[in-house]
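This report concerns only the one structure given below.
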Amino acid sequence: MVLHLLSLRDYYGYELTQIIRQETNGVIDIPIGSLYPALYKLIDAGYISDHKEQAGKRMIRIYYHLEDSGKTRLDLLLHDYYQTNQAIQDILRFNGDEQTDEHEEKRGN
1 MVLHLLSLRD YYGYELTQII RQETNGVIDI PIGSLYPALY KLIDAGYISD HKEQAGKRMI
61 RIYYHLEDSG KTRLDLLLHD YYQTNQAIQD ILRFNGDEQT DEHEEKRGN
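In UniProt numbering, the protein residues as written are 1 to 109.
Take a look at the structure:
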């Protein structure tokens with residue numbers, strides 16, 4: 001989710017948590033203290049970078065930016081997600097009426 005949001009534009013940490021909470025109607029509510037370790041891991045992996053911007057007289061915000069390697073990683077994660085989601089949907093549509101070849105062989109058919 002973080003990589004996707006950062007593919008849209010740069011965000012600061014608290015802003016990311018608020019967007020995720022808002023856009024999921026509160027179903028996903030990531031505490032800010034849990035987000036920062038994930039952001040640091042993404043920075044260490046080279047998927048994102050950070051930069052500071054002045055926000056008012058005394059406040060500095062750290063914005064996160066998606067790097068090219070992060071775009072590649074996001075594409076891979078989305079591909080895996082869609083494949084897994086499709087496989088789960090296939091199982092949920094299975095009603096048990098169809099017999100697999102292996103199951104029929106065990107029954108002697």
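Note that CB positions come from ideal geometry on N, CA and C, so glycine has one too.
Item: Straight-line gap, residue 27 to residue 19 (C-alpha atoms, nearest Å); Value: 12 Å
Item: Cβ separation of residue 183 and residue 6, assumed to be a contact under 8 Å, to the nearest whole Å; Value: An answer regarding residue 183 cannot be provided, because it is not within the stretch 1 to 109 covered by the chain.
Item: Residue 13 versus 50, 87, 89, residue with shortest Cα-Cα distance; Value: 50
Item: CB of residue 47 within 9 Å of CB of residue 16, strictly; Value: no
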